[in-house]
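Report on the following structure.
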Amino acid sequence: MKRLVKGGRVISPAQNLDASVDIVIEDGKIVQIGPDIMCPEAELIDAAGLVVAPGLIDMHVHLREPGLEAKEDIYSGSRAAAAGGFTTIACMPNTKPVIDNAILVSGLIRQGKLEGAVNIKVIGALSKGQEGKELAEIGDMIYAGAVAISDDGHWVNNAKLMRLGLEYTGMFHKTIISHAEEDSLVAEGVMHEGAVSAMLGMKGRPAVAEDIAVARDIMLAEYTGASLHVAHVSSRGAVELIRQAKQRGVKVTAEVTPQHLALTDADVTGFNTAMKVNPPLRSRDHVEALLEGLKDGTLDILVTDHAPHAFEEKDVEFRYAPSGFAGLETSLGVILTALYHTGQFTLPEIIRFMSARPAALFGLDGGQLIPGAVADITLIDPDREWTVDSRNFYTKGKATPFEGKKLKGKAVATIVAGNLIMQNGEVKI
Ligand code: DOR
């Protein structure tokens, strides 16, 4: 079946394309791009007034499968992804059991194909059980299809293990994604350490814990020549360390989340557990550094760190609540509101961070609109105003720091391999 996406502003940063053109899709692929295409036999997808982007890709998602399906599963999480405009998501391995072997990786890939509304990629653990003691079956997991390796949720405290992990993963030309927070400095901390934590009387997680972890990881990446990707960067020091390392030619890349760009530790003053996340929301000076880092290419990609928890787990005193919250259905709206509508970033820049660059970094299909490419496409209305209401979420994790917020910008259709999976907020499969 043929489909024609007609009348939109097509933006594909990988081709430096930003033009009013139409796209013909056939058998799951893009077959033609050009102005004023007539194709009467094709089903029409009217993109007038919309931005047509390569499908959004999120490299940092907690799908909670296997073992924690009360929080989320592939079915619900992938529908949340489709609703948010994502066509590909990569799931983190801090599940129960931990995704640390080839059987689990291949099982999840299979399950993703069966139940997933979007493309599901799997990230394997660096250490067995994410215990930080012994390397997991990295090679086997990569052969089974793992797209990266990570102990996300924990820093790899043991430097020798991290060195071995980098060397081993590097042999397979894959990347280690590091959750960089030095353990002893963040133990018991529940928010950013600073004036606000002092005022609230809460134990802090200092930015220097992140700086130390990033510094060591960069030194090991430099020493081994392997590639390192720093997860959810949140501190000024980390941005500067990554900037300098890139200048020296170290193979380091990095990601940042909407929450770390749009919120600060001042948002924690109401003790709302939906504001609790690791690394924590930091003070304004750190947020400014993140924005500078994104602008100058120090930070490469935007990710959600979608980390759903059950309602009753979050409905407790701040210090007892688990860290993390849903992000797939708010990410694009928050980014467009905070970055685009404030005039700080252009739409092609944002689409590069959310699609072209993650595809290139992790060697994924998609991320570009060009004949021959897979027809993973997101239609965006950058001016659509809407209010976040978690009752409408597809994710099981209803906690969001953006509840009740008015946002401007939304994905209005998600096309995966040529199939219209989401339209006007409704997931169709
Ligand atoms: O806040 C967080 N929650 N940060 C992480 O790195 C892990 C995540 C989770 O798995 O809940």
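So the mapping is simple: the working numbering equals the position in the sequence shown, first residue as 1, plus 30. Ideal Cβ positions, reconstructed from N, Cα and C, are used throughout, including at glycine. In this text, all values refer to a predicted model and were calculated from it rather than measured experimentally.
Could you give the distance in angstroms between the alpha-carbon of SER157 and the alpha-carbon of LEU93? Position 127 of the sequence shown holds residue 157. Position 63 of the sequence shown holds residue 93. Cα to Cα, SER157 sits roughly 19 Å from LEU93.
Beta carbon of GLY85, beta carbon of GLY396: below 8 Å? Position 55 of the sequence shown, counted from the first residue, corresponds to residue 85. Position 366 of the sequence shown, counted from the first residue, corresponds to residue 396. Contact flag set, yes.
Do you know offhand how far TRP416's Cα is from LYS428's? Position 386 of the sequence shown, counted from the start, is the residue given in the question as residue 416. Position 398 of the sequence shown, counted from the start, is the residue given in the question as residue 428. Each residue's Cα considered, the two are about 17 Å apart.
Measuring straight from C-alpha to C-alpha, what distance separates PHE355 and LYS101? For the purposes of this step, residue 355 is taken as the residue at position 325 of the sequence shown. For the purposes of this step, residue 101 is taken as the residue at position 71 of the sequence shown. Between PHE355 and LYS101, the C-alpha separation is close to 10 Å.
Within 10 angstroms of its Cβ, does VAL40 collect 16 or more other Cβ (buried), or is it exposed? In the sequence shown, counting from the first residue as 1, residue 40 sits at position 10. It counts as buried.
Complete alpha helix (DSSP H) runs within the region 39-119 (minimum length 4 residues, chain order): 104-114
Please report the Cβ distance between LEU450 and ALA443, rounded to the nearest whole angstrom; I am assuming they are in contact, meaning their Cβ atoms lie under 8 Å. As a working mapping, residue 450 is identified with position 420 in the sequence shown. As a working mapping, residue 443 is identified with position 413 in the sequence shown. Rounded, the Cβ-Cβ distance is 6 Å, consistent with contact.
How would you call ASP213, buried or exposed, if buried means at least 16 neighbouring beta carbons within 10 angstroms? Here residue 213 is taken as the residue at index 183 of the sequence shown, counted from 1. Counting Cβ neighbours within 10 Å, ASP213 comes out exposed, since fewer than 16 surround it.
Does the Cβ of ARG140 have 16 or more other Cβ atoms within 10 Å, making it buried, or fewer, making it exposed? For the purposes of this step, residue 140 is taken as residue 110 along the sequence shown, with counting starting at 1. The residue in question, ARG140, is exposed, as its Cβ has fewer than 16 Cβ neighbours within 10 Å.
Would the region 297-314 count as touching the region 273-282 if we require 3 or more Cβ pairs under 8 Å? no
Determine the direct distance from the alpha carbon of LYS32 to that of ARG246, and round the result to whole angstroms. Position 216 of the sequence shown, counted from the start, is the residue given in the question as residue 246. Position 2 of the sequence shown, counted from the start, is the residue given in the question as residue 32. Each residue's Cα considered, the two are about 52 Å apart.
At which residues does the alpha helix (DSSP H) containing LEU191 begin and terminate? Residue numbering aside, residue 191 sits at position 161 when the sequence shown is read from its first letter. Counting along the chain, the alpha helix (DSSP H) containing LEU191 begins and ends at 189-201.
Buried or exposed for PRO309, going by 16 or more other Cβ atoms inside 10 Å? Residue 309 sits at position 279 when you count from the first residue of the sequence shown. PRO309 is buried by the Cβ-count criterion.
Just to confirm before moving on: does the CB-CB distance between GLY195 and ILE207 stay below 8 Å? Sequence index remark: in the sequence shown, residue 195 carries index 165 (1-based). Sequence index remark: in the sequence shown, residue 207 carries index 177 (1-based). In this structure, ILE207 does not lie closer than 8 Å to GLY195 by Cβ.
Assign SER227 to one of two classes, buried (16 or more other C-beta atoms within 10 Å of its C-beta) or exposed (fewer than that). Indexing the sequence shown from 1 puts residue 227 at position 197. It counts as buried.
Identity of the residue in PHE392, THR430, GLY439 nearest ARG414 by Cα: Sequence index remark: in the sequence shown, residue 414 carries index 384 (1-based). Taking only the C-alpha atoms, the option nearest ARG414 is GLY439.
Between the alpha carbons of ASP130 and PRO65, how many angstroms are there, rounded? Counting from 1 along the sequence shown, the entry for residue 130 is found at position 100. Counting from 1 along the sequence shown, the entry for residue 65 is found at position 35. Whole-angstrom Cα-Cα distance: 48 Å.
Is GLU415 helix, strand or coil by DSSP? For the purposes of this step, residue 415 is taken as the residue at position 385 of the sequence shown. Residue state, collapsed to three classes: strand.
Contact belief for LEU258 with VAL282 at Cβ below 8 Å, rounded distance in angstroms: Within the sequence shown, residue 258 is the residue found at index 228, counting from 1. Within the sequence shown, residue 282 is the residue found at index 252, counting from 1. Between VAL282 and LEU258 the Cβ distance is about 5 Å, and since that is below 8 Å, they are a contact.
Extent of the continuous alpha helix (DSSP H) to which LEU377 belongs: As a working note, residue 377 is residue 347 in the sequence shown. Per DSSP, LEU377 belongs to the alpha helix (DSSP H) from 377-381.
Could you spell out the range, first to last residue, of the alpha helix (DSSP H) harbouring SER265? Numbered from its first residue, the sequence shown carries residue 265 at position 235. Element bounds for SER265: n/a, residue is neither H nor E.
Can you tell me which of ALA189, LYS233, GLU223 puts its alpha carbon nearest to the alpha carbon of THR254? Counting from 1 along the sequence shown, the entry for residue 254 is found at position 224. Nearest option by C-alpha distance: ALA189.
Beta strand (DSSP E) segments (min. 3 residues) lying fully within the region 198-251: 206-208
Is LEU191 closer than 8 Å to VAL263 when the C-beta atoms are compared? Reading the sequence shown from its first residue, position 233 is the one you call residue 263. Reading the sequence shown from its first residue, position 161 is the one you call residue 191. For VAL263 and LEU191, no; Cβs fall outside 8 Å.
For PRO96, the nearest candidate out of ALA78, VAL135, GLY79, ILE63 (CA to CA): Within the sequence shown, numbered from 1, the residue matching residue 96 stands at position 66. Of the listed residues, the one whose Cα sits closest to PRO96 is VAL135.
Where MET305 and MET232 are concerned, what is the direct C-alpha to C-alpha distance, given to the nearest angstrom? Indexing the sequence shown from 1 puts residue 305 at position 275. Indexing the sequence shown from 1 puts residue 232 at position 202. Rounded to whole angstroms, MET305 to MET232 spans 14 Å at the Cα level.
Three or more C-beta pairs under 8 Å: does that hold for the region 369-385 against the region 119-129? no
With distance defined between alpha-carbon atoms, name the residue in MET221, VAL216, LEU230 nearest to ILE242. As a position in the sequence shown, residue 242 is number 212, starting the count at 1. Out of MET221, VAL216, LEU230, VAL216 has the C-alpha closest to the C-alpha of ILE242.
Beta strand (DSSP E) segment containing ILE459, residue limits: On the sequence shown, position 429 is the one that residue 459 refers to. Where ILE459 is concerned, there is no enclosing beta strand (DSSP E), given that its DSSP letter is neither H nor E.
Evaluate SER265 with the Cβ neighbour count: other Cβ atoms within 10 Å of its Cβ, from every protein chain shown; 16 or more gives buried, anything less gives exposed. Mapped onto the sequence shown, residue 265 falls at position 235. Under this definition SER265 is a buried residue.
Give me the Cα-Cα distance between HIS184 and VAL269, rounded to the nearest whole angstrom. Sequence index remark: in the sequence shown, residue 184 carries index 154 (1-based). Sequence index remark: in the sequence shown, residue 269 carries index 239 (1-based). Cα-Cα distance, rounded: 20 Å.
For the beta strand (DSSP E) containing LYS36, name the first residue and the last one. Within the sequence shown, the letter at position 6 stands for residue 36. Counting along the chain, the beta strand (DSSP E) containing LYS36 begins and ends at 32-36.
Please specify which runs of the alpha helix (DSSP H), each continuous and at least 4 residues long, are wholly inside the region 114-174, giving them in chain order. 132-145, 168-174
Across which residues does DSSP place THR444 in a beta bridge pair? Translated into the one-based positions of the sequence shown, residue 444 becomes position 414. DSSP output for THR444 lists THR408, MET452 as bridge partner(s).
Just to check, is the beta-carbon of HIS222 closer than 7 Å to a non-hydrogen atom of the ligand DOR? The residue you call residue 222 lines up with position 192 of the sequence shown. For the ligand DOR, not one heavy atom lies less than 7 Å from the Cβ of HIS222.
With hydrogens ignored, establish whether the beta-carbon of HIS92 is closer than 7 Å to any heavy atom of the ligand DOR. The residue given as residue 92 occupies position 62 in the sequence shown. Answer for HIS92: yes, Cβ within range of the ligand DOR.
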